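Using the numbering used here, you'd call the opening residue of the sequence shown number 10 and step up by one each time.
See structure below.
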Amino acid sequence: MRPVRASCAMALLSMMVAAPVAQVESPSPASTADDPRLVRLKGEAAATVDEMATFTQQMVDQIFSFGELGFQELETHRYLVDVLRKNGFAVEEGIAGIPTAFMASWGSGKPVISLGSDIDGIPQASQKPGVAYHAPLIDGAPGHGEGHNSGQAVNITAAIAVKRIMEREGLPGTIRIWPGTAEELVGTKAYFVREGLFKDVDVALFSHVASSFGVSWGERNNMTGLVSVLYSFVGRTAHSAGNPSRGRSALDAVELMNIGWNYRREHLPLEHRSHYVVVDGGDQPNVVPRTASVWYYFRETTFEKIKELWSLGDTMAQAAAMMTGTELQPTRVLGSAWPQHFNRPVAEATFANIQAVGMPEWSEADQTLARALQKELGSETQGLTGKVPEALDGPARDNRGGGSDDIGDVSWNVPTVTLRFPSNIPGLPGHNWADAIAMATPIAHKGATAGAKVQAMTLLDLLLKPALIESAWTYFRDEQTRTIKYEPLIRQQDRPAIEMNKDLMEKYRPEMRKHYYDPSRYKTYLEQLGIEYPTVR
Ligand SMILES: [Zn+2]
């Protein structure tokens, strides 16, 4: 399906619907220098964030120790809701029909600034922090092998620091905080949008762990959007040896679909990404499999191309059913993500704050851990990043494809940027135990504190410079969404896949619970685990 090309009348209408803030045009206010009051308040916010370093560290370590998979973030949810309520936020739980999603709110009136960050972990990523080789806490268990334990600490610390200033100065405005629940399944943000949770929001500030400081505007480079689809087939059982001609194998359909897809792969655009896992491959060899299912991610760089890939997947599945005399069941969309597009004026403001904050000071121990892990993995032993980037990242010019994040859906509904903060080590594989190693160490703690400073300063920009919000909406209306209009990838009948990962978490949670961080007894999680920092070969 083609993205909708808006007519002039429609563009006007969407302007009226989309922009909750005054519509006066003004020349590039983001670039004008801050007035002395804003400079002073930013300095104060950064100093408060420094004072809150222990609070930030405890959040990073606590969520790391929960290590929960998407839709099963029960402990993380309970913990964050508690922290937010204790700090004066009103919290609505179970938003958009998702038990582990919440919307926290503090303040009143305009502007409404929405702070989001992901919270879920990665299968098989259990790992002792601060140890520069594979050393699972619990073999086979999930863990924070992406670093999603750190982003809420960034946002909440920043929000509390700014809230203090707003209270004292009597600044109007509303701060919202929400979790990117089940981001690894790209499972919730399109439902948040469908639920109307961003309707009155002026700007969304997202934060995500990285190994350097960064922010970008326009189409995100080397990234994709995706749709995640479950294909289930039904055949009939028979004795696999005694009466094979009576059976129809659903597993055959899964295998033929995959073979078809893998032959076609050669003739797909190079930037596309597609992968699958077989989630049901039958019961036992002597019973012809009556049911079988395969779960695909179809990734591409535009909405239109994602829909084309998805349609091709449907064709493969229907053909496989025909070949095998089985039935294809109605497909289930388990997740979706629009390609990301970030707001130029807000990215410029964020970038100026990154330059003002600068990189954390890494200790020799931090660098030793980083280099040892890089050596262990056969990566370049560059250590940790020492400098902030010199220039702001612009739109993708030659997008070669890559991962996705369902913040893309938010970014097409309200001016949005993602702040990437330096809490991890460069040169790691991603979605791996190695990516968990730094995530409950001083590297993650210092990176989260630096990230919180930037987030707090950008919040102050948005609260004190109405012209910045105006120009954010001008960019959103007149450039970003001038010709492309958001249309969800989730269909009317789709619902959040909240049952996902339940069995896995139930299997590992009893063991994992023994290792939950107890900040009342230990200063850090490293101390609780008795790990010498760094531990290297
Ligand atoms: Zn992520």
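In this text, a Cβ means the ideal position worked out from N, Cα and C, and glycines have one as well.
The model shown is predicted, which means the values in this text are computed figures rather than measured ones.
Beta-carbon spacing of residue i, residue j below 8 Å
{"i": "residue 77", "j": "residue 440", "result": "no"}
{"i": "residue 116", "j": "residue 183", "result": "yes"}
{"i": "residue 362", "j": "residue 466", "result": "yes"}
{"i": "residue 469", "j": "residue 51", "result": "yes"}
{"i": "residue 189", "j": "residue 128", "result": "yes"}
{"i": "residue 368", "j": "residue 215", "result": "no"}
{"i": "residue 305", "j": "residue 320", "result": "no"}
{"i": "residue 417", "j": "residue 349", "result": "yes"}
{"i": "residue 152", "j": "residue 130", "result": "yes"}
{"i": "residue 448", "j": "residue 64", "result": "no"}
{"i": "residue 355", "j": "residue 424", "result": "yes"}
{"i": "residue 374", "j": "residue 531", "result": "no"}
{"i": "residue 260", "j": "residue 79", "result": "no"}
{"i": "residue 262", "j": "residue 330", "result": "yes"}
{"i": "residue 309", "j": "residue 233", "result": "yes"}
{"i": "residue 126", "j": "residue 185", "result": "no"}
{"i": "residue 210", "j": "residue 430", "result": "no"}
{"i": "residue 197", "j": "residue 61", "result": "no"}
{"i": "residue 432", "j": "residue 403", "result": "no"}
{"i": "residue 434", "j": "residue 108", "result": "no"}
{"i": "residue 472", "j": "residue 120", "result": "yes"}
{"i": "residue 504", "j": "residue 106", "result": "yes"}
{"i": "residue 294", "j": "residue 372", "result": "no"}
{"i": "residue 411", "j": "residue 231", "result": "yes"}
{"i": "residue 335", "j": "residue 244", "result": "yes"}
In DSSP terms, what residue i is bridged to
{"i": "residue 402", "result": "225"}
{"i": "residue 61", "result": "None, per the DSSP bridge assignment."}
{"i": "residue 306", "result": "237 and 284"}
{"i": "residue 431", "result": "219"}
{"i": "residue 100", "result": "113"}
{"i": "residue 257", "result": "245"}
{"i": "residue 152", "result": "131"}
Simplified DSSP assignment, three categories, for residue i
{"i": "residue 368", "result": "coil"}
{"i": "residue 86", "result": "helix"}
{"i": "residue 394", "result": "coil"}
{"i": "residue 540", "result": "coil"}
{"i": "residue 232", "result": "coil"}
{"i": "residue 526", "result": "coil"}
{"i": "residue 534", "result": "helix"}
{"i": "residue 29", "result": "Note that residue 29 scores a pLDDT of 39, beneath 50, so its modelled location is shaky and nothing firm can be said."}
{"i": "residue 289", "result": "strand"}
{"i": "residue 4", "result": "Residue 4 cannot be examined here, being either before or after the span of the chain that is shown, 10 to 546."}
{"i": "residue 312", "result": "helix"}
{"i": "residue 140", "result": "strand"}
{"i": "residue 301", "result": "strand"}
{"i": "residue 454", "result": "helix"}
{"i": "residue 80", "result": "coil"}
{"i": "residue 36", "result": "Residue confidence for residue 36 is low, a pLDDT of 42 falling below 50, so the modelled location carries little weight and cannot support an answer."}
{"i": "residue 131", "result": "strand"}
{"i": "residue 504", "result": "coil"}
{"i": "residue 206", "result": "coil"}
Enclosing beta strand (DSSP E) for residue i [first to last residue]
{"i": "residue 217", "result": "212-219"}
{"i": "residue 187", "result": "182-189"}
{"i": "residue 122", "result": "121-127"}
{"i": "residue 342", "result": "341-346"}
CB contact below 8 Å: residue i versus chain C
{"i": "residue 362", "result": "This model lacks chain C altogether; it includes just one protein chain."}
heavy atom of ligand 2 below 7 Å from residue i C-beta
{"i": "residue 415", "result": "Here the bound small molecules are ligand 1; ligand 2 is not part of this structure."}
Residue range of the alpha helix (DSSP H) that includes residue i
{"i": "residue 508", "result": "Per DSSP, residue 508 belongs to no alpha helix (DSSP H) and is neither H nor E."}
{"i": "residue 477", "result": "475-484"}
{"i": "residue 376", "result": "373-385"}
{"i": "residue 161", "result": "160-178"}
- Hey, is the stretch 490-506 in contact with the stretch 88-103, meaning 3+ C-beta pairs nearer than 8 Å? Because the criterion of three Cβ pairs below 8 Å is not met, the stretch 490-506 and the stretch 88-103 do not touch.
- Message: Contact between the stretch 518-536 and the stretch 85-101 is defined here as three or more beta-carbon pairs at a separation below 8 Å; is this criterion met?
- Response: Because the criterion of three Cβ pairs below 8 Å is not met, the stretch 518-536 and the stretch 85-101 do not touch.
- Message: Quick test of the definition: if touching needs 3 or more C-beta pairs under 8 Å, does the stretch 195-215 touch the stretch 136-150?
- Response: Of all C-beta pairs linking the stretch 195-215 to the stretch 136-150, fewer than three are shorter than 8 Å, placing the two stretches out of contact.
- Item | Stretch-stretch touch, CB-based, cutoff 8 Å, three pairs: the stretch 307-320 with the stretch 248-259 | Flag = no, the stretch 307-320 and the stretch 248-259 do not touch.
- Contact between the stretch 334-343 and the stretch 418-432: three or more CB pairs below 8 Å? No, the stretch 334-343 is not in contact with the stretch 418-432.
- Does the stretch 225-242 touch the stretch 296-312, meaning 3 or more C-beta pairs lie closer than 8 Å? Short answer: they touch.
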